[in-house]
Ligand SMILES: Cc1ncc(COP(=O)(O)O)c(C=O)c1O
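Residue numbers (the working numbering): 1 to 401.
Shown next as structure tokens:
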């Protein structure tokens, strides 16, 4: 859990500054004191990403919802995304009233661009490209397709904050980039998220929507501000802003240490016959938060995992993942929402959309993920631990391959 591995005095200092000021509501702080930790974090985040605008929100899920709302996506619309993503991605689409259309992954473990294009219908409004576990989707090809078909592009970059593709930060390729700062992410504010965009008008809409429709104007009392639309409360608070300020300055260190640790292991297991590695569209730009290998068969993958586990090394078998893979989501298959009328699945605007989430449609992805084992890379891994991982991989390979 990289961000929280590095919690130190900088986080404490920033949080105490906010507590000393005594106002935890970002707009109250700005209006009454002329200073806001969230505003400062947004500025630094935008600078770091090379983006014109950044908006702090309360989670990565909220970031997706705000981006979709600002793009006007709702009932009657389809949004294409990956069948290998956290359930938050389709939840945000469904919460907007639209229908998620899942497509297969390729060996990057991210959206297969050809399958994206195959699944475009007259109802498709947007593609959400997810950059899973620190590695880029083929974002140049995906952008070519969204541009060609006049679709919106959102990058769900919850899991690859700080990663680049050919020198450009992920999250800056589309209309919106969204980020999560929950406990598991490269930098953390406990819970939290960010929306970035270069488009002034889209930023305005996102800004209004995330705060009950407020047209923010720091020169007048909040209660007198105008309303742009019906919105919701997805605001980030000052304590999250304070943590974010300290954490963003650690981003490069997190990535550097991940890369060193990953390289150490990978270089020492690369020659193992029968083991192959995840395709990485730009190896210099990944954040190296995971090391994913493919085994020749699902059976060998499970045996390999067991061998590693006996030696104290935990890896995830991606095909068994309960929260990140559509074929394992029985609730999605059953359209199990809280509403008796099963909206948006049975909403009349969505009648024409295919809402088939059966495992057969994702056989290709299942074949890839059933052979995939993923090792989490931490910031703090001493030489003893790294060597133990390497020797365990080599020993288990002799037993299994
Ligand atoms: C790909 C992806 N999207 C969205 C989210 C949602 O982020 P949050 O937990 O901050 O709501 C996550 C969180 O794990 C994620 O992995």
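The C-beta atom is built at its ideal place from N, Cα and C for all residues, glycine as well.
Under 8 Å between C-beta atoms of residue i and residue j
| i | j | result |
| --- | --- | --- |
| residue 188 | residue 289 | no |
| residue 359 | residue 327 | yes |
| residue 104 | residue 112 | yes |
| residue 272 | residue 291 | no |
| residue 68 | residue 131 | no |
| residue 128 | residue 172 | no |
| residue 79 | residue 98 | yes |
| residue 277 | residue 293 | yes |
| residue 183 | residue 158 | no |
| residue 191 | residue 59 | yes |
| residue 49 | residue 287 | no |
| residue 30 | residue 236 | no |
| residue 2 | residue 378 | yes |
| residue 365 | residue 84 | yes |
| residue 308 | residue 392 | yes |
| residue 380 | residue 5 | yes |
| residue 44 | residue 242 | no |
| residue 244 | residue 163 | no |
| residue 269 | residue 394 | yes |
| residue 234 | residue 62 | yes |
| residue 211 | residue 175 | no |
| residue 55 | residue 207 | yes |
| residue 77 | residue 123 | yes |
| residue 396 | residue 193 | no |
| residue 165 | residue 139 | yes |
| residue 333 | residue 357 | yes |
| residue 107 | residue 279 | yes |
DSSP beta-bridge partners of residue i
| i | result |
| --- | --- |
| residue 276 | 294 |
| residue 350 | Residue 350 is not bridged to any residue. |
| residue 100 | 79 |
| residue 235 | 57 |
| residue 375 | 291 |
| residue 154 | 128 and 176 |
| residue 195 | 55 and 178 |
| residue 325 | 84 |
| residue 111 | 105 |
| residue 227 | 214 |
| residue 165 | 168 |
| residue 316 | 374 |
Per-residue burial, residue i [other beta carbons within 10 Å of its own, 16 or more giving buried]
| i | result |
| --- | --- |
| residue 400 | buried |
| residue 402 | This structure gives no information on residue 402, because the portion of the chain shown stretches from 1 to 401. |
| residue 251 | buried |
| residue 181 | buried |
| residue 221 | exposed |
| residue 431 | Outside the modelled stretch of the chain, which goes from 1 to 401, sits residue 431, for which no answer is possible. |
| residue 323 | exposed |
| residue 156 | buried |
| residue 257 | buried |
| residue 161 | buried |
| residue 201 | exposed |
| residue 167 | exposed |
| residue 362 | buried |
| residue 339 | exposed |
| residue 121 | exposed |
| residue 223 | exposed |
| residue 283 | exposed |
| residue 185 | buried |
| residue 314 | exposed |
| residue 142 | buried |
| residue 371 | buried |
| residue 402 | This structure gives no information on residue 402, because the portion of the chain shown stretches from 1 to 401. |
| residue 352 | exposed |
Distance between beta carbons of residue j and residue i, contact taken as under 8 Å
| i | j | result |
| --- | --- | --- |
| residue 153 | residue 135 | Incorrect: roughly 18 Å between the Cβ atoms, too far for contact. |
| residue 246 | residue 40 | Not really, about 11 Å apart at Cβ, beyond 8 Å. |
| residue 489 | residue 38 | This structure cannot settle anything about residue 489, because the visible part of the chain is limited to 1 through 401. |
| residue 302 | residue 275 | With a Cβ gap of about 15 Å, residue 302 and residue 275 do not count as contacting. |
| residue 66 | residue 209 | 6 Å |
| residue 53 | residue 203 | 4 Å |
| residue 126 | residue 64 | Going by Cβ atoms, the distance from residue 126 to residue 64 rounds to 11 Å, so no, they are not a contact pair. |
| residue 369 | residue 325 | 6 Å |
| residue 344 | residue 75 | 6 Å |
Interface flag, residue i vs chain E, CB-CB below 8 Å
| i | result |
| --- | --- |
| residue 87 | Absent from the structure: chain E. Only one protein chain is present. |
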